[in-house]
Amino acid sequence: AQSVTQLGSHVSVSEGALVLLRCNYSSSVPPYLFWYVQYPNQGLQLLLKYTTGATLVKGINGFEAEFKKSETSFHLTKPSAHMSDAAEYFCAVSGGNDYKLSFGAGTTVTVRA
Amino acid sequence: DAGITQSPRYKITETGRQVTLMCHQTWSHSYMFWYRQDLGHGLRLIYYSAAADITDKGEVPDGYVVSRSKTENFPLTLESATRSQTSVYFCATYRGGTDTQYFGPGTRLTVL
């Protein structure tokens, strides 16, 4: 079984500041890890994913995440926040071949001008 | 290329009524999923389907029924709606070879 914990339900950052969203996972098999973003009244859009290989994964809109097996973490970062980054972000895990996703509770990001 | 469409986008119904939420995909992906999104819970899997006529329960299946007679459609039925089923419902498909699920725009359901 897989599960995800996102630390912090709300994060507020200044425009231009670092964005850091924390995600820890639990998985009984090698995990596949995902970050999705949801803008108001829209569906979920994939930001990035880790399946195998390089542990530092780059995604869209300048986001990246690093898979750390020893820490069971997959934190999402962006060096410089933009107003358009205001959204809700979800970390998710799957067990690979079963394709089912388990989501964290989500983190809402607000960006201050 | 419409991808995934969900209908209706908004629905208000009353307790005890039957409601069907529709999901249609244009890609012919084998796997399809239904999630509900509630504050503080993220998204939780209700049911999923590996192919036409193959469905299975997810984390929160009680009170829901699904069917999949055609690859492209995956309707979700609330047989007797309850207030606790007020939520936003998302349909998703899994694209083989990409390890990625793609989500529809969602249906916001309110049960009075």
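Residue numbers (the numbering used here), protein chains in the order written: chain A, 103 to 215; chain B, 6 to 117.
Note that CB positions come from ideal geometry on N, CA and C, so glycine has one too.
Bear in mind that the values here come from a model prediction, so they are computed numbers and not experimental data.
Residue i - DSSP class collapsed to helix/strand/coil
i, result
"residue 100/B", "strand"
"residue 147/A", "strand"
"residue 116/A", "strand"
"residue 92/B", "strand"
Opposing strand residues paired with residue i [DSSP bridges]
i, result
"residue 29/B", "10/B and 78/B"
"residue 165/A", "Note: residue 165/A sits in no beta bridge, so no partner."
"residue 175/A", "126/A and 170/A"
Cβ shell of residue i (< 8 Å), same chain only, five flanking positions each side left out
i, result
"residue 35/B", "55, 56, 76, 99 and 101"
"residue 166/A", "150, 158, 159, 160, 178, 179 and 180"
Contact with chain A by residue i, beta-carbon distance below 8 Å
i, result
"residue 26/B", "no"
"residue 53/B", "yes"
"residue 102/B", "no"
"residue 69/B", "no"
"residue 106/B", "yes"
"residue 46/B", "yes"
Same chain only: Cβ atoms within 6 Å of residue i, ignoring 5 sequence neighbours per side
i, result
"residue 164/A", "180"
"residue 17/B", "115"
"residue 126/A", "107, 174 and 175"
Cβ-based burial, residue i [other Cβ within 10 Å; buried from 16]
i, result
"residue 9/B", "buried"
"residue 37/B", "buried"
"residue 45/B", "exposed"
"residue 112/B", "buried"
"residue 81/B", "buried"
"residue 133/A", "buried"
"residue 209/A", "buried"
"residue 84/B", "exposed"
Interface flag, residue i vs chain B, CB-CB below 8 Å
i, result
"residue 160/A", "no"
"residue 207/A", "yes"
"residue 134/A", "yes"
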